[in-house]
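Notes for the one structure printed next.
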Amino acid sequence: MRYPVSFLQRAYDQIIHDVCFMNLHVVFAIDRAGFVGNDGHTHNGLHDISYLDSMPNMTVLSPRDYSDLKKCMEYAVNKCEGPVAVRYPRGSSVFEEDGPLYTEAEDLFKPHVQTDHGDDFAVISVGTIAAECEKAVSILLEKGKKGKHINVTSVKPIPAREISELTRNVPVVFTVEEAILSGGFGENLCEALKGSGKNIVPFGVKDQMVRAGTYKEQLKDSGLDAESIACYILKVL
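The sequence shown: position 158 = 226 (the working numbering), numbered continuously.
Structure follows, in structure tokens:
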């Protein structure tokens, strides 16, 4: 079933009792995840990761781009055995050529290195915010900071062990998500790797209501545009 994310929260009780309790194979195609630009501030999809992650049996996927979305939907419809949510943003995308779908479902649940310049820092992006993170890593490279960018599609289950292995030589790991920080991917990664000695800094939408505006304006107002991400990382380093 397809839901705009800002309306899905109204069905919180039904998702838990009617789907998750019985571990039913229901696919939630969640439209307008993240900022929605001029759709209006009430339609921003910033809370879904937090409340869906708390539901037993629920799988949560956040594809990076249209090609990734196609692979997520293939898995969700044909391979997943329980409830699964696939969150994707407002907007359109061009998909010119059919690429091969993941031959193994496990590929969706692994973090994938996008860029690797060095071990000064690592950025873990969730879903489509990968584009801004990639730019941020390039900005930092120009300033002499050599880091790596890793993207994750699987929000739940969280690939904590694989992330820990990919960042084993990195002094500080930044997670970036186009969603609220409270109960989000970054906080959950901190919990999963508690006691490991990893220095993890979650980065996302703070405890605020994001005003209406263009998508780029909303990114900048929330500090999630490439320049703001790079500036924040530079201050921490």
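Where a beta carbon is used, it is the ideal one built from N, C-alpha and C, also for glycine.
The structure presented is a predicted model; accordingly, all values stated were derived computationally and were not measured.
| Query | Result |
| --- | --- |
| With a CB to CB cut of under 6 Å and the five nearest residues on each side skipped, what residues in its chain are close to ASN91? | ASN125 and GLY150 |
| Out of curiosity, what's the CA-to-CA distance linking ASN267 and GLU233? | 14 Å |
| Leaving out five residues on either side along the sequence, give the residues of the same chain with a beta carbon under 7 Å from the beta carbon of LYS211. | LEU302 |
| Should ALA204 and VAL238 be called a contact, given that it needs their Cβ atoms to be closer than 8 Å? | no |
| I need the straight-line Cα distance from SER296 to ALA280, nearest angstrom please. | 19 Å |
| Count the CB pairs spanning the stretch 245-263 and the stretch 212-226 that are closer than 8 Å, and state whether there are at least three. | yes |
| Would you check if there are 3 or more beta carbon pairs closer than 8 Å linking the stretch 73-86 to the stretch 132-150? | no |
| ILE226 by DSSP, collapsed to three states: which one? | coil |
| Is the beta carbon of GLY265 within less than 7 Å of some heavy atom of the ligand HEM? | Absence of the ligand HEM from the depicted structure is noted, as is the absence of any ligand whatsoever, leaving it without description. |
| Let me know if ASN219 comes out buried or exposed under the rule of 16 or more other beta-carbons within 10 Å of its beta-carbon. | buried |
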